[in-house]
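Contents: one structure, followed by commentary.
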Amino acid sequence: MRKKPEKQIGLFGGSFDPPHCGHVALVQAGLAMGLDSVWVIPARPVHRELSGLADAEMRLAWVQQIFADLTRVQVMDWEIRRQCPTASIETLEQFHDADPKTVPWLMLGADAWVGLPDWRAYPAHRDLCNIAVFARRGIAVETVCGHAGWQRLALSDIDDCNQAGNWTYIQADLPDISATRIRSDAMQGKSLHGLVPNMVQRQIEQAYGTARE
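Going left to right, the sequence shown walks through residues 732 to 944 as the numbering used here numbers them.
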């Protein structure tokens, strides 16, 4: 009989350029799926260009403000401290070194899951994590299929999962918000009310609104 894991931790990495209400909804969906905690990790990504309108420390500070009152959420500065672009595999390896007995759940949107085989060092991820795939509008459920070597689990089975290489699909109703739209609205001087959390709305409007000056 397999030993039940002591804790289920979700890892949610992103550029957060800027952080928005869709990010918050995904974290809440992760907690709702049964994770004991979610670690939010602002990134210096290797696979996309940042806007250059908010530096790493600013993005980290915003995320810290947003999740400050959620006791089951931790904001980690691992990738920001590296001072260079960081691949997800490096963060997974760092987690494993810090807590080798825990297999984390990497939290991905369905679009990111589809592109997983193109990630740096893939398929090494399969030995270091499980993956929670969250529904994204515009991506049909029937098109979200598995990748070679990954075992699909029903959501009801994740509590007993303590081995890497599994994935599960979460049919969460996440808001259709993109950082690209937010940056565009801010550059046009539009209000970001309802798109970003209230406690950082003014800061984000000012940071991204400077692009039109």
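Note that CB positions come from ideal geometry on N, CA and C, so glycine has one too.
From a predicted model like this one, the values you see are computed outputs, not experimental measurements.
Next item on the list: Could you check what DSSP says for residue 847 in three-state terms: helix, strand or coil?
Entry: Along the sequence shown, one-based indexing puts residue 847 at 116. Three-state result, residue 847: helix.
Notebook entry, point to check: Bridge partners of residue 773, per DSSP?
Noted result: The sequence position of residue 773 within the sequence shown is 42, counting from 1. Residue 773 pairs with 745.
Note to self: Could you compute how far the alpha carbon of residue 750 sits from the alpha carbon of residue 923?
What the structure shows: As a working mapping, residue 750 is identified with position 19 in the sequence shown. As a working mapping, residue 923 is identified with position 192 in the sequence shown. Distance between the alpha carbons of residue 750 and residue 923 is about 12 Å.
Next item on the list: Please go through the same chain and pick out, in chain order, the residues whose beta-carbon is closer than 6 Å to the beta-carbon of residue 818, but skip the five residues on each side of it.
Entry: Reading the sequence shown from its first residue, position 87 is the one you call residue 818. Taken in chain order, the residues that qualify are 777, 851.
Item checked: residue 802, buried or exposed, once every other Cβ within 10 Å from all chains shown has been counted against 16 -> Within the sequence shown, the letter at position 71 stands for residue 802. Exposed: under 16 other Cβ atoms inside 10 Å.
Checklist line | Best match in 770, 845, 782 for proximity to residue 795 [C-alpha to C-alpha] | finding: Your numbering for residue 795 matches position 64 in the sequence shown. Ranking 770, 845, 782 by Cα distance to residue 795 puts 770 first.
Margin query: I believe residue 811 touches residue 775 by the beta-carbon criterion, under 8 Å. Please report the beta-carbon distance rounded to the nearest angstrom.
Written below: Start at 1 with the first residue of the sequence shown, and residue 811 comes out as number 80. Start at 1 with the first residue of the sequence shown, and residue 775 comes out as number 44. Contact holds; Cβ gap of about 7 Å.
Note to self: On the CB-based measure, 16 or more other CB atoms within 10 Å of its CB, does residue 883 come out buried or exposed?
What the structure shows: Position 152 of the sequence shown, counting from 1, holds the residue named residue 883. That one is exposed.
Next item on the list: With residue 929 as the anchor, note down where its alpha helix (DSSP H) starts and where it stops.
Entry: Here residue 929 is taken as the residue at index 198 of the sequence shown, counted from 1. Residues 929-940.
Notebook entry, point to check: Relative to the alpha-carbon of residue 926, which residue among 746, 939, 912 has its alpha-carbon at the smallest distance?
Noted result: Here residue 926 refers to the residue found at position 195 when the sequence shown is read from its first residue. When only C-alpha atoms are compared, the closest one is 912.
Next item on the list: Below 8 Å on the Cβ atoms is my guess for residue 847 versus residue 878; work out the distance and round it to an integer in Å.
Entry: To locate residue 847, count along the sequence shown from 1; it is residue 116. To locate residue 878, count along the sequence shown from 1; it is residue 147. The pair is a contact, with the Cβ atoms about 6 Å apart (cut-off 8 Å).
Item checked: Rounded straight-line distance, which links the Cα of residue 772 to that of residue 827 -> As a position in the sequence shown, residue 827 is number 96, starting the count at 1. As a position in the sequence shown, residue 772 is number 41, starting the count at 1. Approximately 15 Å, taken between the alpha carbons.
Check: Just how far apart, CA to CA, sit residue 890 and residue 904?
Finding: Counting from 1 along the sequence shown, the entry for residue 890 is found at position 159. Counting from 1 along the sequence shown, the entry for residue 904 is found at position 173. C-alpha separation (whole angstroms): 22 Å.
Note to self: Taking the alpha helix (DSSP H) that residue 794 belongs to, which residues open and close that run?
What the structure shows: Here residue 794 corresponds to residue number 63 of the sequence shown, with the count starting at 1. Looking at the DSSP string, the run of the alpha helix (DSSP H) that includes residue 794 is 787-797.
Note to self: For residue 938 and residue 918, I'd like the C-alpha separation in whole angstroms.
What the structure shows: Within the sequence shown, the letter at position 207 stands for residue 938. Within the sequence shown, the letter at position 187 stands for residue 918. Near 9 Å, if we compare the C-alpha coordinates of residue 918 and residue 938.
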